[in-house]
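Have a look at the structure below before the remarks.
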Amino acid sequence: MNIKIGQYIQGDSFLHKLDPRIKLVSMILFIVSIFLVPITLDTYNIVAMITLFIISILLVFLSGIPLGKVLQGLKAIVFLMTFTFIIQLFSIQPLGENPLLDLPMNLGLISIPLLILLLVLYFFVKKRIKFKTTWFFIFVVGIFYIQYAVTLIPMNLDGFNYQFLVYPSGLLRAGFIFLRIIAVMVVASLLTFTTSTIELNDGLESLMKPLRYIKVPTYMFSMMISLTLRSIPTLLNETDKIMKAQTSRGADFNESSIGQKIGQIIALLIPVFVISFDRAEDLSNAMEARGYIIGEERTKLDVYKIGFKDYLALFVTSAILITLVVMGIAL
Numbered sequence: 096m097n098i099k100i101g102q103y104i105q106g107d108s109f110l111h112k113l114d115p116r117i118k119l120v121s122m123i124l125f126i127v128s129i130f131l132v133p134i135t136l137d138t139y140n141i142v143a144m145i146t147l148f149i150i151s152i153l154l155v156f157l158s159g160i161p162l163g164k165v166l167q168g169l170k171a172i173v174f175l176m177t178f179t180f181i182i183q184l185f186s187i188q189p190l191g192e193n194p195l196l197d198l199p200m201n202l203g204l205i206s207i208p209l210l211i212l213l214l215v216l217y218f219f220v221k222k223r224i225k226f227k228t229t230w231f232f233i234f235v236v237g238i239f240y241i242q243y244a245v246t247l248i249p250m251n252l253d254g255f256n257y258q259f260l261v262y263p264s265g266l267l268r269a270g271f272i273f274l275r276i277i278a279v280m281v282v283a284s285l286l287t288f289t290t291s292t293i294e295l296n297d298g299l300e301s302l303m304k305p306l307r308y309i310k311v312p313t314y315m316f317s318m319m320i321s322l323t324l325r326s327i328p329t330l331l332n333e334t335d336k337i338m339k340a341q342t343s344r345g346a347d348f349n350e351s352s353i354g355q356k357i358g359q360i361i362a363l364l365i366p367v368f369v370i371s372f373d374r375a376e377d378l379s380n381a382m383e384a385r386g387y388i389i390g391e392e393r394t395k396l397d398v399y400k401i402g403f404k405d406y407l408a409l410f411v412t413s414a415i416l417i418t419l420v421v422m423g424i425a426l
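So the sequence shown is numbered by the numbering used here: it starts at 96 and just counts up by one.
Shown next, in the form of structure tokens:
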């Protein structure tokens, strides 16, 4: 499974040692800062977005977690990121702006068979290589290259002719959205990688403590969120085991018709639901056996104290947010 969010990796890094309350607040402040950068051609905004992206990557090295493991979680949204990038390139066509790239394209009797051949080649090779993400990007580039290459043939081409126009504004907007998605996913992944379920629950419960005065059951809310995040990797691992078991019995989740895929999905979902209910019941029995009562005050094994590192992390993220707000208003 490519989705890695929700998995805690034990470590002794700077991020691991941060107070979970400060870690949650700092993550929220940093993500808000990422979305505050406006998508314009101003040098300030470009530098700000690139700087925030670099900071998110530096946080990975600061956590001691391999960069490849963090980026592995992005595989699940590669298609979404690529589709969004291409849509932004095509949709942004401002008046009075010269295109960076202007290529003739043709979709006709020659290009369509070649595209079908490329599609067959993509699925054929995909099952036999490890670098599936790189192969996907090559496939996307090949789609546009074929449509451009046929226009170089010295003959009249029938079909649909259009211009592949890439404007600076479209490229900038696509790049901004691309960097935003990566930065947000990296920061969110680092939170779950460096924070255990107990720490996350304690942090959420402590931050929402003021809501108790208006009769909000914060203890239930924080427990639900922490258990949900913790159950993600467990269910994914169980799903992976079921898929491998069904594959060994002849099921093919990659090469099959739509009707067969629907049947395979149903055959996959039923045992996943059964396992999830069994896991929930086991967890409920375990919590009850350990004396957990909903609504009752609970003691804490670990008493969290905010130290210098916590103040430093909160100061840095707050300074980034305030700087972006002030500079955004000033400019």
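Note that beta-carbon positions come from the ideal geometry of N, C-alpha and C, so glycine has one too.
In the three-state reduction of the DSSP assignment, tyrosine 406 falls in the helix class, which pools H, G and I. The beta carbon of threonine 292 lies closer than 8 Å to those of Tyr103, Ser321, Leu322, Leu324, Arg325 in the same chain, with the five residues before and after it left out. If you ignore the 5 residues before and after tryptophan 230, its C-beta comes within less than 8 Å of the C-beta of Tyr217, Val220, Lys221, Ile224, all in its own chain and listed in chain order. In the DSSP assignment, valine 261 falls within the unbroken beta strand (DSSP E) covering 255-261. At the C-beta level, glycine 298 and lysine 112 stay beyond 8 Å of one another. In the three-state DSSP reduction, asparagine 140 falls in the helix class (H, G or I).
Bounds of the beta strand (DSSP E) holding aspartate 197 are 196-202.
Between asparagine 193 and the set Thr135, Pro208, Ser264, the nearest pair of CA atoms involves Ser264. Assigned with DSSP and collapsed to three states, lysine 227 falls in helix. In terms of Cβ geometry, serine 121 and glycine 159 do not form a close pair [threshold 8 Å]. Residue range 162-167 is occupied by the alpha helix (DSSP H) that includes valine 165. In this structure methionine 144 is buried. Its beta-carbon is surrounded by 16 or more other beta-carbon atoms within 10 angstroms.
Collapsing the DSSP output to three states places tyrosine 399 in coil. Between threonine 418 and tyrosine 406, the alpha-carbon positions lie close to 18 Å from each other. Residue range 313-343 is occupied by the alpha helix (DSSP H) that includes leucine 322.
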